[in-house]
Amino acid sequence: MLFVFMGPSCSGKSTAAEIVGKRTGAKIYSGKDYLRLAKAEGDAWRIFHEKLEEASKPDGEESLIFVCTEKELFDRIRVTENIFTVRFTATPEDIKRRFAERMRGTLPKPLEVMLEKQMHLWEGIEAKLLVDSSSESPEDAAERILTA
């Protein structure tokens, strides 16, 4: 099975991916983790995309979760069959607070602007499931993903 968890930073993607990954045995790739697959970026993406295609096959041996914060990476995915997309969101206040916690309590203005831009990029993107992590726990989100 191929899962793509997409959305802005600090919207709950990675936390839900960890839970779903533990329950399904799916391998998790986040962001540009695929770059570790080869020295050249193009080669790494080709190898990674082959893994995405393999995971999407009904008889695929390995499940995969791609945690995607950058819309440009999501747009590069050419797999159209047997892909379970989940768009994560949260209130701007929650996203900024969570990111500030990662930054030891301070959210510099340039990062705040970047987060706001990221949030807007994902608005309106179609997915099979929408998770609002401001109102849903990671465990509940994982349960919905696994039973959808």
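Under my numbering, the sequence shown has 157 at position 33, and the numbering climbs by one with no breaks. Backbone N, C-alpha and C define an ideal beta-carbon position, used for all residues, glycine too.
query, result
"What is the rounded straight-line gap between the Cα of PHE198 and the Cα of SER259?", "25 Å"
"So what's LYS151 in DSSP terms, helix, strand or just coil?", "strand"
"Going by beta-carbon coordinates alone, are LYS137 and PHE208 separated by less than 8 Å?", "no"
"SER261: buried (16+ other C-beta within 10 angstroms of its C-beta) or exposed?", "exposed"
"Starting from ARG269, trace the alpha helix (DSSP H) both ways and give me its first and last residue.", "According to the sequence displayed, residue 269 carries Ile and not Arg. Run containing ILE269: 262-271, per the alpha helix (DSSP H) assignment."
"Among residues of its own chain, excluding the 5 on either side of GLU205, which ones have a beta-carbon nearer than 7 Å to its beta-carbon?", "SER180"
"Using alpha carbons as the reference points, say which of PHE127, THR148, PHE172 lies closest to TYR157.", "Note on residue identity: the sequence assigns Asp, not Tyr, to residue 157. Considering only alpha carbons, the answer is PHE172."
"Taking the DSSP output, what are the residues bridged to CYS192?", "MET130"
"Could you check if VAL237 is buried or exposed, using at least 16 other CB atoms within 10 Å of its CB as the buried criterion?", "exposed"
"Going by C-alpha to C-alpha distance, which of CYS134, GLY248, PRO132, THR148 sits closest to ILE269?", "THR148"
"What three-state label does DSSP hand LEU93 in the structure shown?", "Outside the shown range of the chain (125 to 272) lies residue 93, about which nothing can therefore be said."
"List the whole-angstrom C-beta distance separating ALA224 from SER257, where the pair is believed to meet the contact cut-off of C-beta under 8 Å.", "16 Å between Cβ atoms; not a contact."
"If distances are taken between C-alpha atoms only, which option among ALA162, ASP264, SER135, PRO216 comes closest to THR193?", "SER135"
"Within 10 Å of its beta-carbon, does ALA140 have 16 or more other beta-carbons around it, so buried, or fewer, so exposed?", "buried"
"Cβ of SER133 within 8 Å of Cβ of ILE219?", "yes"
"Going by beta carbon distance, what residues of the same chain come within less than 7 Å of ARG222, once the five residues before and after it are set aside?", "CYS134"
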